[in-house]
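Participant: Numbering (the working numbering), first residue to last: 1 to 684.
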Amino acid sequence: MGTGGFGGGSGSLGGGGAGSAAGSGGSLLRAITHLRDIARMLTADGDQARLTREINAMLRERGRAGFMAGLFQDPFATTLLDRLIELSGSVQGQSWPGVLDAAAVARGPGSITAYCDAVIDQALRAHGDAVDERHIDRVGLAFRSFLATTLAGDNLAVAERGDAAAVEAAFDRTRFAAPDDIRRGFLGQVIAKSIAGESCIDLGASALSVERAANTIAAAIQQRFEEKFVRTRKADRGDMLATIGANYSIGNRLMSTSRTIPAHVEIIKAPRPETQIIDLDLAGIQWHDAAGLGPLGLDPRALDLLEVARLVWEFERYIPKRISSQRVRSVKVAVPVREPSAWTAATLATLTAILRLLGNAEWAFEFSKRKTPNALDRLALDGSHPDRVPTIALFSAGLDSTSGLDWLRRNDSDAALASFFGAKARQTELADQFAFKRHVQVGCTWSNGRRRIGGQFQYRSFLFLALGALVARSYGATTLLQFENGPLAIAMPPAATYRMTRRAHPMLHSLASDLFSNLFGDPLSVENPFLTMTKREAANAMKAHLGAKRFEKAILETETCWNLASRQVLGAITKRIGQPCGLCIPCAVRRTALPGRDVTHAVDLTSKKDPHFADGDARIHIDAYLAWARKLTAPSYGAERFAFEAPQIVREAVAHSQGKLTMAEIFDIERRFARELIETFPEP
Numbered sequence: 001m002g003t004g005g006f007g008g009g010s011g012s013l014g015g016g017g018a019g020s021a022a023g024s025g026g027s028l029l030r031a032i033t034h035l036r037d038i039a040r041m042l043t044a045d046g047d048q049a050r051l052t053r054e055i056n057a058m059l060r061e062r063g064r065a066g067f068m069a070g071l072f073q074d075p076f077a078t079t080l081l082d083r084l085i086e087l088s089g090s091v092q093g094q095s096w097p098g099v100l101d102a103a104a105v106a107r108g109p110g111s112i113t114a115y116c117d118a119v120i121d122q123a124l125r126a127h128g129d130a131v132d133e134r135h136i137d138r139v140g141l142a143f144r145s146f147l148a149t150t151l152a153g154d155n156l157a158v159a160e161r162g163d164a165a166a167v168e169a170a171f172d173r174t175r176f177a178a179p180d181d182i183r184r185g186f187l188g189q190v191i192a193k194s195i196a197g198e199s200c201i202d203l204g205a206s207a208l209s210v211e212r213a214a215n216t217i218a219a220a221i222q223q224r225f226e227e228k229f230v231r232t233r234k235a236d237r238g239d240m241l242a243t244i245g246a247n248y249s250i251g252n253r254l255m256s257t258s259r260t261i262p263a264h265v266e267i268i269k270a271p272r273p274e275t276q277i278i279d280l281d282l283a284g285i286q287w288h289d290a291a292g293l294g295p296l297g298l299d300p301r302a303l304d305l306l307e308v309a310r311l312v313w314e315f316e317r318y319i320p321k322r323i324s325s326q327r328v329r330s331v332k333v334a335v336p337v338r339e340p341s342a343w344t345a346a347t348l349a350t351l352t353a354i355l356r357l358l359g360n361a362e363w364a365f366e367f368s369k370r371k372t373p374n375a376l377d378r379l380a381l382d383g384s385h386p387d388r389v390p391t392i393a394l395f396s397a398g399l400d401s402t403s404g405l406d407w408l409r410r411n412d413s414d415a416a417l418a419s420f421f422g423a424k425a426r427q428t429e430l431a432d433q434f435a436f437k438r439h440v441q442v443g444c445t446w447s448n449g450r451r452r453i454g455g456q457f458q459y460r461s462f463l464f465l466a467l468g469a470l471v472a473r474s475y476g477a478t479t480l481l482q483f484e485n486g487p488l489a490i491a492m493p494p495a496a497t498y499r500m501t502r503r504a505h506p507m508l509h510s511l512a513s514d515l516f517s518n519l520f521g522d523p524l525s526v527e528n529p530f531l532t533m534t535k536r537e538a539a540n541a542m543k544a545h546l547g548a549k550r551f552e553k554a555i556l557e558t559e560t561c562w563n564l565a566s567r568q569v570l571g572a573i574t575k576r577i578g579q580p581c582g583l584c585i586p587c588a589v590r591r592t593a594l595p596g597r598d599v600t601h602a603v604d605l606t607s608k609k610d611p612h613f614a615d616g617d618a619r620i621h622i623d624a625y626l627a628w629a630r631k632l633t634a635p636s637y638g639a640e641r642f643a644f645e646a647p648q649i650v651r652e653a654v655a656h657s658q659g660k661l662t663m664a665e666i667f668d669i670e671r672r673f674a675r676e677l678i679e680t681f682p683e684p
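(1) Would Thr-445 and Asp-137 qualify as a contact pair, given that the criterion is a beta-carbon distance under 8 Å?
(2) Once you ignore the five residues that flank Pro-529 on each side, which residues in its own chain have a CB closer than 8 Å to its CB?
(3) First and last residue of the beta strand (DSSP E) that includes Lys-269?
(4) With which residues is Ala-477 paired in a DSSP beta bridge?
(5) Answer with buried or exposed for Asp-279, where buried requires no fewer than 16 other C-beta atoms within 10 angstroms of its C-beta.
(6) What residue range does the beta strand (DSSP E) around Gln-276 cover?
(7) Under the DSSP definition of a beta bridge, which residues are partnered with Gln-286?
(8) Using a Cβ-Cβ cut-off of 8 Å (strictly less than) and excluding sequence neighbours within five positions of Tyr-637, which residues of its own chain qualify?
(9) Looking at the secondary structure, which residues open and close the beta strand (DSSP E) in which Glu-683 lies?
(10) For Arg-499, which beta-bridge partners are listed by DSSP?
(11) Leu-417 and His-439 look like a contact to me (Cβ under 8 Å); what is the Cβ gap, rounded to whole Å?
(12) Can you tell me which of the three DSSP states Pro-390 falls into?
(13) In angstroms with no decimal places, state the Cα-to-Cα distance between Lys-543 and Gln-441.
(14) Helix, strand or coil, according to DSSP, for Phe-483 in the structure here?
(15) Using three-state DSSP, classify Gln-579 as helix, strand or coil.
(16) In terms of alpha-carbon separation, which member of Glu-227, Leu-531 and Val-589 lies closest to Gln-658?
(17) Any beta carbon from chain B within less than 8 Å of Arg-233's own beta carbon?
(18) Among all the DSSP beta bridges, which residues are the ones paired with Thr-232?
(19) Indicate the three-state DSSP secondary structure (helix, strand or coil) for Trp-628 in the structure shown.
(20) Buried or exposed for Asp-414, please, with buried defined as at least 16 other CB atoms from any protein chain shown within 10 angstroms of its CB.
(21) Do the segment 325-335 and the segment 507-517 touch if we need at least three Cβ pairs shorter than 8 Å?
(22) Output needed for Ala-170: all residues of its chain with C-beta closer than 8 Å, excluding positions within five of it in sequence on either side, in chain order.
(23) Which of the three DSSP states is assigned to Lys-332 in this structure?
(24) Are there 16 or more other CB atoms within 10 angstroms of the CB of Glu-683, so buried, or fewer, so exposed?
(25) Exposed or buried, what is Gly-582 when buried is set at 16 or more other beta-carbons lying within 10 Å of its beta-carbon?
(26) Beta-carbon separation of Thr-560 and Ser-525 under 8 Å?
(27) Could you spell out the range, first to last residue, of the alpha helix (DSSP H) harbouring Phe-520?
(28) When the Cβ atoms of the segment 385-394 are set against those of the segment 352-364, are three or more pairs found closer than 8 Å?
(29) From the DSSP secondary-structure annotation, give me the bridge partner or partners of Ile-217.
(30) Taking 8 Å as the threshold (C-beta atoms), are Val-650 and Ile-669 in contact?
(31) Does the segment 338-346 touch the segment 265-273, meaning 3 or more C-beta pairs lie closer than 8 Å?
(32) At the level of alpha carbons, what is the spacing between Lys-228 and Asp-604?
(33) On a Cα-Cα basis, can you pick out the residue from Glu-307, Ala-375, Val-589 and Gln-276 that is closest to Ser-330?
(34) Check the C-beta distance from Leu-564 over to Ala-554 and give it rounded, since I have them as a contact under 8 Å.
(35) Once you ignore the five residues that flank Phe-367 on each side, which residues in its own chain have a CB closer than 6 Å to its CB?
Following this line, the structure appears as structure tokens:
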């Protein structure tokens, strides 16, 4: 495949060239970090040409160029574009009700949305659900927006709520006839939705300007594709998106490398002897952003730590979510690193102890000397801060970590935030609400990687802690904070059949402190200020400080659910992607914290009116917790019996809490949480 330089070079698109915003040394873009700043400057009647140049330059920044390249190359995007072109042929001789009937979609209100849901679900199944979650978000929104606009025109009521007859009446088929127009329009929507994903405010009137700019860029890209590839017979029009992706960042190679960095993973399962081999290429990881790091920059040992953590998380994606007797017993990893000598026997022992605690498997690592740099070595250092700070706080945009931002403000803590992003805009908006200016957000995608199929995110917290350690090294910080309510941090199960995640367990924090301090040669302590608080108590403290209005604004931006990216939970119960399920353990605990106003959940087991209220499958976690709560709050159940029955993981919490917890104090924390559960969830 040839090169066309869609995403970089002096001949780039959308106002590129030596005089473009990206090419000029004094460009406006250098002073703009997010689209929201552009939106504040330019309204719908603003300088459209300048906005187009700024957006094009933004798309060509190193991290975004890598993301856009992967987005376009994802077969999921091409599949949805193909479905649009197929549909354009069908509707020329078929009514919209006929299209719905053929797709087995109901003709009732919201028929466009229902049809889009069906097509997107079909596309995901066609690719075995192995689609990056951000790609699902951006491309799925582009598909919905393009189709709704094409079918309903400017009639928003028809686009959102129209039944089959209303859509048919509004449909002008001339808007949906030319395949090239469809390709260009869909490409423009993908660009627009990707740009919107960078924004953390409602663009308002500027949204139209952003969309026009995206369409201008899409037209230029399509023209270049025709000239460079179609006319020279290097590619067919049906390969447009994949070709654009493969050539998107030709002029911007800083975030990619053609040389491989092999990682070999051997998984041993038991009791039936079984070995699974996974061969991965670390050169295939595209790391995004990292602007705002501290003055000390990137420590090679911290880079190795983060990459090992990302490798562990990728391993977890290969583990089925269903629990069975055939489980992972041991994992052996061979991978080259930058400084293998830093991983002493003691450091390796601590690393494997962390992973044993998190996943209940034995790990072994063999590190060799790496000779090839990769994208992680070239993380953007743009906008780095000149001053050191003593504290780094992990921030996910969840309710606990958002309560943690308020805790930092109440305690006048001079902290920088570290986020591994999926919901980047939410994180940015919340950090801005609490006036945090130092905020490092890092994301990554792995070419040909697996979409998560694991069940409980057992190892993911290690990735977050590793990122926090990297940011801490860049600032010279000595404390890393992870905010997690006591009941989930202590990880006491509601029943013997549960194995809770240990994402913020005191033992994990103790081991992580040892690992980071030994690896870096400088002290770095991991702490949890919410260890002795329930989620409700942490949230109430935030509410008391902010006031009801600011509190409600903040909590409605937070996300707390294991199943946000899922379309189906617990059997036949369906939900929208991005909607909290209301059934997983994090959702259950969140409901206890916010008994009043909260985001809308797919299932609301706090209300007897919910159609799934008496569904035994839906209630499995809630009923387990309620039975546990009734036991703990019974008058005959006391601290001595609790201490006698407590599982080992609770005893380890006491042992590694550095004197912050006793068994009696844990009993008090858990009993307060139990009362909150009983107050929140009525009996069926």
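We put the CB at the ideal spot given by N, CA and C, even for glycine.
The structure presented is a predicted model; accordingly, all values stated were derived computationally and were not measured.
Facilitator: The answer reads as follows:
(1) Taking the first residue of the sequence shown as position 1, residue 445 is located at position 445. Taking the first residue of the sequence shown as position 1, residue 137 is located at position 137. It is not a contact, given that the beta carbons lie outside the stated cut-off.
(2) As a working mapping, residue 529 is identified with position 529 in the sequence shown. These residues qualify, in order along the chain: Gly-404, Trp-407, Leu-481 and Phe-483.
(3) Here residue 269 corresponds to residue number 269 of the sequence shown, with the count starting at 1. Residues 262-270.
(4) Walking along the sequence shown from the start, residue 477 turns up at place 477. Answer is none; Ala-477 lacks a bridge partner.
(5) Translated into the one-based positions of the sequence shown, residue 279 becomes position 279. With fewer than 16 other CB atoms across the displayed protein chains lying within 10 angstroms of its CB, Asp-279 is exposed.
(6) Counting from 1 along the sequence shown, the entry for residue 276 is found at position 276. Boundaries of the beta strand (DSSP E) harbouring Gln-276: 274-281, taken from the DSSP string.
(7) Against the sequence shown, residue 286 aligns to sequence position 286. Gln-286 pairs with Thr-445.
(8) On the sequence shown, residue 637 is found 637 positions in, with the first residue counted as 1. By the criterion of a C-beta distance shorter than 8 Å, Tyr-637 is surrounded in its chain by Lys-631, once the five residues flanking it on both sides are discounted.
(9) If you number the sequence shown from 1, residue 683 lands on position 683. Run containing Glu-683: none; DSSP gives neither H nor E here.
(10) By one-based count along the sequence shown, residue 499 stands at place 499. None; Arg-499 has no bridge partner.
(11) Against the sequence shown, residue 417 aligns to sequence position 417. Against the sequence shown, residue 439 aligns to sequence position 439. Taking the Cβ atoms as the reference, Leu-417 lies roughly 4 Å from His-439, within the contact range of under 8 Å.
(12) Position 390 of the sequence shown, counted from the first residue, corresponds to residue 390. Pro-390 carries a coil assignment under DSSP once its states are collapsed to helix, strand and coil.
(13) In the sequence shown, residue 543 corresponds to position 543, counting from 1. In the sequence shown, residue 441 corresponds to position 441, counting from 1. Distance between the alpha carbons of Lys-543 and Gln-441 is about 26 Å.
(14) Along the sequence shown, read from residue 1 onward, the residue named residue 483 stands at position 483. Coil at Phe-483, not helix or strand.
(15) Mapped onto the sequence shown, residue 579 falls at position 579. Coil at Gln-579, not helix or strand.
(16) Working through the sequence shown from its first residue, we reach residue 658 at position 658. Out of Glu-227, Leu-531 and Val-589, Leu-531 has the C-alpha closest to the C-alpha of Gln-658.
(17) The question asks about chain B, but that chain is absent: this structure has only one protein chain.
(18) Sequence index remark: in the sequence shown, residue 232 carries index 232 (1-based). In the DSSP output, where bridge partners are listed per residue, Thr-232 has none listed.
(19) To locate residue 628, count along the sequence shown from 1; it is residue 628. Looking at Trp-628 - three-state DSSP - the assignment turns out to be helix.
(20) In the sequence shown, residue 414 corresponds to position 414, counting from 1. Counting Cβ neighbours within 10 Å, Asp-414 comes out exposed, since fewer than 16 surround it.
(21) Taking 8 Å as the limit for Cβ pairs, the verdict is that the segment 507-517 does not touch the segment 325-335.
(22) The count along the sequence shown starts at 1 and reaches residue 170 at position 170. Around Ala-170: Leu-151, Ala-152, Gly-153, Asn-155, Val-158 and Gly-162.
(23) Locating residue 332 in the sequence shown gives position 332, counting from the first residue. If DSSP states are grouped into helix, strand and coil, Lys-332 belongs with the strands.
(24) Counted from its first residue, the sequence shown places residue 683 at position 683. Classification of Glu-683: exposed, given that the 10 Å Cβ count is below 16.
(25) Your numbering for residue 582 matches position 582 in the sequence shown. With 16 or more other CB atoms across the displayed protein chains lying within 10 angstroms of its CB, Gly-582 is buried.
(26) Sequence index remark: in the sequence shown, residue 560 carries index 560 (1-based). Sequence index remark: in the sequence shown, residue 525 carries index 525 (1-based). No, Cβ-Cβ distance for Thr-560 and Ser-525 is not below 8 Å.
(27) Within the sequence shown, residue 520 is the residue found at index 520, counting from 1. Where Phe-520 is concerned, the enclosing alpha helix (DSSP H) starts and stops at 506-520.
(28) Between the segment 385-394 and the segment 352-364 there are fewer than three C-beta pairs closer than 8 Å, too few to call the two in contact.
(29) In the sequence shown, the residue the question calls residue 217 occupies position 217. Ile-217 is not bridged to any residue.
(30) As a working mapping, residue 669 is identified with position 669 in the sequence shown. As a working mapping, residue 650 is identified with position 650 in the sequence shown. Note that the C-beta distance between Ile-669 and Val-650 is not below 8 Å.
(31) No contact exists between the segment 265-273 and the segment 338-346.
(32) The count along the sequence shown starts at 1 and reaches residue 228 at position 228. The count along the sequence shown starts at 1 and reaches residue 604 at position 604. Distance between the alpha carbons of Lys-228 and Asp-604: 54 Å.
(33) Indexing the sequence shown from 1 puts residue 330 at position 330. It is Gln-276.
(34) Looking up residue 564 in the sequence shown gives position 564. Looking up residue 554 in the sequence shown gives position 554. By a beta-carbon distance limit of 8 Å, Leu-564 does not contact Ala-554. Their separation comes to about 18 Å.
(35) Numbered from its first residue, the sequence shown carries residue 367 at position 367. Counting only Cβ-Cβ distances below 6 Å, and skipping sequence neighbours, we find Val-337, Pro-340 and Trp-343.
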